[in-house]
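S.K.: Let me give you the structure first, and then I'll get to my questions.
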Ligand SMILES: C[S@@+](CC[C@H](N)C(=O)[O-])C[C@H]1O[C@@H](n2cnc3c(N)ncnc32)[C@H](O)[C@@H]1O
């Protein structure tokens, strides 16, 4: 049975998060569910940013963990990408990884390049990411390092950092408020997860479904928010108990501004 004792965010052992175990378990190769998510995020960003100059935006990935694919999805349009993360170990892992990311990410990049627009124009994505990535350590409940981000992602974080529904809502709220008006975003969630193991340790999750996702985003998403459901594939489960993945694609309400 999936089990996580009731724990608020501050009670979980984030600094002991086994980055290598998590990365190997989730991202050593491209799963079919991540492929579907990546393709949908790619299409959303291509449509939303069709007339945006390359390397002109400030992006943020909140709770980056050991996952580079949200940053890769934002890469062509960004002059700076903040990878914000609480865990000391994940921060160290990210700082090392962005210098020259591992070969496993090439198949993720290839999915982005399946559409022959914008992504293939980035000649050397490794060098580009190394140049734009800014890994920052912090606790999102204390606020993010900036405001008015032009583009944002938060993958498997808001529902996977606590068992408390109020903290799930606050995490989405912190993310939403950090985006500038009109900023495209992609937020991914585990549906009905009750917790997960990383290495020898267990981490909390909050049981949510698409109704919770829509409700949490309603305060700041512009009309047109979409929530897609990705079925659990016929591959080894990522964690016990979850019933699928949810992907919210939208834009922050209000007019887009340029700086
Ligand atoms: C399930 S992992 C998801 C990691 C990554 N985004 C992914 O897609 O695989 C949850 C992440 O949230 C981070 N996290 C937990 N609490 C946080 C907080 N208060 N502020 C920022 N990050 C936090 C954890 O360290 C961990 O990297």
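In the UniProt record's numbering, the protein residues as written are 1 to 259. We put the CB at the ideal spot given by N, CA and C, even for glycine. Quantities reported herein were computed from a predicted structural model and do not represent experimental measurements.
List in chain order: all unbroken alpha helix (DSSP H) runs of 4+ residues lying wholly within the segment 101-146.
M.R.: For the segment 101-146, whole alpha helix (DSSP H) runs of length 4 or above, ordered along the chain, are 106-112, 125-132.
S.K.: From residue 128 to residue 71, what distance separates their C-alpha atoms?
M.R.: Answer to the nearest angstrom: the Cα atoms are 11 Å apart.
S.K.: Under 8 Å, with one C-beta from each stretch per pair, do the segment 18-36 and the segment 91-107 reach the 3-pair mark?
M.R.: Cβ pair count under 8 Å is three or more, so yes.
S.K.: Got a sec: is the Cβ-Cβ distance from residue 106 to anything in chain B below 9 Å?
M.R.: The displayed structure is made up of one protein chain only, and chain B is not part of it.
S.K.: Go through its chain and collect everything with a Cβ distance to residue 176's Cβ below 6 Å, but skip five positions before and after it.
M.R.: The residues are 220.
S.K.: Can you check which of these residues, 232, 143, 240, is closest to residue 31 by C-alpha distance?
M.R.: Among 232, 143, 240, the Cα nearest to that of residue 31 is on 232.
S.K.: Where does residue 229 land, buried or exposed, given buried means 16+ other C-beta within 10 angstroms?
M.R.: Under this definition residue 229 is an exposed residue.
S.K.: Using a Cβ-based criterion (distance less than 8 Å to any ligand heavy atom), does residue 27 qualify as near ligand 1?
M.R.: Yes, Cβ of residue 27 sits closer than 8 Å to a heavy atom of ligand 1.
S.K.: Give every residue of the same chain whose Cβ lies closer than 6 Å to the Cβ of residue 259, excluding the five residues on either side of it in the sequence, and list them in chain order.
M.R.: Confidence is the limiting factor: at residue 259 the pLDDT is only 38, short of 50, which leaves the residue's position unreliable, though a coordinate-based value still follows. The answer is none, since no qualifying residue turns up.
S.K.: Using 10 angstroms around the beta-carbon of residue 13, count the other beta-carbons present and answer buried if the total reaches 16, otherwise exposed.
M.R.: Answer is exposed; the Cβ neighbour count stays below 16.
S.K.: From this set, 159, 204, 173, which residue's C-alpha is nearest residue 190's C-alpha?
M.R.: Taking only the C-alpha atoms, the option nearest residue 190 is 159.
S.K.: Alpha carbon to alpha carbon, how far is residue 1 from residue 117?
M.R.: Note that residue 1 scores a pLDDT of 41, beneath 50, so its modelled location is shaky; the value from the coordinates is reported in the next line. One C-alpha to the other measures close to 45 Å.
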